[in-house]
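First residue of the sequence shown: 294, per the numbering used here; consecutive thereafter.
Just so it is clear, CB atoms sit at the ideal spot from N, CA and C, and this is done for glycine as well.
Reading through the structure tokens given below for one structure.
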Amino acid sequence: MTPLLAIIGGTGLTALDPLQITGSEHPSTPYGEPSSPLIRGQLGERSVVFLARHGLDHTLPPHKINYRANLWALHQTGVQQIVAVAAVGGIRDDMAPGVLAFPDQIIDYTYGRACTFFEENLSQVTHIDFTEPYCPDLRNRLILAARQLHLGARESCTYAAMPGPRLETAAEIRKLARDGCDIVGMTGMPEAALARELGLRYATCAVVANWAAGKVAGQITMAEIEQNLQHSMARVKNLLIQLIALLDPP
Ligand code: HPA
Numbered sequence: 294m295t296p297l298l299a300i301i302g303g304t305g306l307t308a309l310d311p312l313q314i315t316g317s318e319h320p321s322t323p324y325g326e327p328s329s330p331l332i333r334g335q336l337g338e339r340s341v342v343f344l345a346r347h348g349l350d351h352t353l354p355p356h357k358i359n360y361r362a363n364l365w366a367l368h369q370t371g372v373q374q375i376v377a378v379a380a381v382g383g384i385r386d387d388m389a390p391g392v393l394a395f396p397d398q399i400i401d402y403t404y405g406r407a408c409t410f411f412e413e414n415l416s417q418v419t420h421i422d423f424t425e426p427y428c429p430d431l432r433n434r435l436i437l438a439a440r441q442l443h444l445g446a447r448e449s450c451t452y453a454a455m456p457g458p459r460l461e462t463a464a465e466i467r468k469l470a471r472d473g474c475d476i477v478g479m480t481g482m483p484e485a486a487l488a489r490e491l492g493l494r495y496a497t498c499a500v501v502a503n504w505a506a507g508k509v510a511g512q513i514t515m516a517e518i519e520q521n522l523q524h525s526m527a528r529v530k531n532l533l534i535q536l537i538a539l540l541d542p543p
């Protein structure tokens, strides 16, 4: 059996319309409720599960998302690999709005989030290896799918996970650039680490929604972010369909 694939949709992707929906589940977990029901469906040749990270009506801000419930619910339903779609700001000069990027590294600047499953009733202390925070094999398949579609995606970059919900100051973005970060978002952690703790294959498709603070003159508006994401989502959906064709056959 090929591993069941889940897609976690972020801002701009609260529904996956090419998905032929076959059912939905409302699982409860030891950590509480996930952000949305798990929508089961058929995408191309594959059965997939879709979860809306910010809720189906996009009302959960990044610091209020129950990341543990989301990952636990997916794991419990049989998911073994996850493509996380995430809106980001562009820091590196080639990360203009509209660009798709597959990060291979992450720096976690978040705090105060429930960030591990390994904290209670432990028989031993566990430290997961996180040298490569994203699954190299799933990432390579995303890269190949994007090449086949000539999407010009950025194939290597470092994601800065910031606490939010506010956007950054210009000085914070300059600091992130000095740290080696290329894109900035608010939901990449602890999601990636929790997936690793559960042994799930996890990769991110980042969608640049705006230039990060201070990269260009003027303010960043939600209208700009939403409009850029709306323009990009057709490409993201095509990418996911192309990826499905590149996964090992069921
Ligand atoms: N910063 C952090 N998160 C984001 C941004 C940003 O500029 N754009 C979309 N998500």
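Cβ-Cβ separation, V501 to G391 (assumed contact under 8 angstroms), whole Å: 6 angstroms
Give the secondary structure of D401 by DSSP, where H, G and I count as helix, E and B as strand, and everything else as coil. For D401, the three-state secondary structure derived from DSSP is strand.
When the distance is taken between beta carbons, is G303 closer than 7 angstroms to A389? no
Going residue by residue through the segment 437-464, where are the continuous beta strand (DSSP E) segments of at least 3 residues, counting only ones entirely within it? 451-454
Round the Cβ separation of A499 and I466 to the nearest angstrom and send it over; I've been treating them as touching at under 8 angstroms. About 16 angstroms; that fails the 8 angstroms criterion.
Chain-order list of residues whose beta-carbon lies under 8 angstroms from that of A464 (same chain, five-residue window excluded): G507
Give every residue of the same chain whose Cβ lies closer than 7 angstroms to the Cβ of P311, excluding the five residues on either side of it in the sequence, and list them in chain order. L336, K530 and I534
V378 beta carbon near ligand 1 (any heavy atom closer than 6 angstroms): no
Could you tell me the distance, in whole angstroms, from the CA atom of Q520 to the CA atom of T419? 43 angstroms
Alpha-carbon to alpha-carbon, P396 and A527: 20 angstroms
Closest to A454 by C-alpha separation, out of G473, D472, I400 and V376, would be which residue? I400
List in chain order the residues whose CB is within less than 7 angstroms of at least one heavy atom of ligand 1. Per the Cβ criterion, the list is T304, A380, V381, G382, M455, G457, L460, E461, V477, G478, M479, A502, N503, A505, A506, I513 and I518.
A470 by DSSP, collapsed to three states: which one? helix
May I ask you to verify whether the segment 481-490 touches the segment 422-430, counting CB pairs closer than 8 angstroms and requiring at least 3? The way I'd put it, the segment 481-490 does touch the segment 422-430; three or more beta-carbon pairs between them come closer than 8 angstroms.
Residues sharing a beta bridge with F343, DSSP: DSSP output for F343 lists I300 and I332 as bridge partner(s).
DSSP three-state label for Y544, please. As displayed, the chain neither begins before 294 nor continues past 543, which places residue 544 out of reach and without an answer.
Beta-bridge partners of I384, as assigned by DSSP: Looking at the DSSP assignment, I384 forms no beta bridge with any residue, so it has no partner.
Close beta carbons around G481, own chain, < 7 angstroms, minus the five adjacent residues each side: So the qualifying residues of the chain are A379, I399, Y452, A454 and T497.
What residue does the beta strand (DSSP E) around G478 start on, and which one ends it? Per DSSP, G478 belongs to the beta strand (DSSP E) from I476 to G478.
Spatial neighbours of H351 in its chain, beta-carbon cut-off 6 angstroms, leaving aside the 5 residues before and after: If the five residues before and after H351 are omitted, its C-beta is found closer than 6 angstroms to the C-beta atoms of T307, all from its own chain and listed in chain order.
Buried or exposed by the 16-neighbour rule on C-beta atoms within 10 Å, applied to M479: buried
Counted within 10 angstroms of its Cβ, other Cβ atoms place R471 as buried (16 or more) or exposed: exposed
So, does the segment 439-448 touch the segment 400-414, judging by three or more C-beta pairs under 8 angstroms? Remark: fewer than three beta-carbon pairs, one from each stretch, lie closer than 8 angstroms, so the segment 439-448 and the segment 400-414 are not flagged as touching.
C-alpha distance - E484 paired with L435, whole-angstrom precision: 19 angstroms
6 angstroms CB neighbourhood of H347 in its chain, flanking five on each side removed: L353
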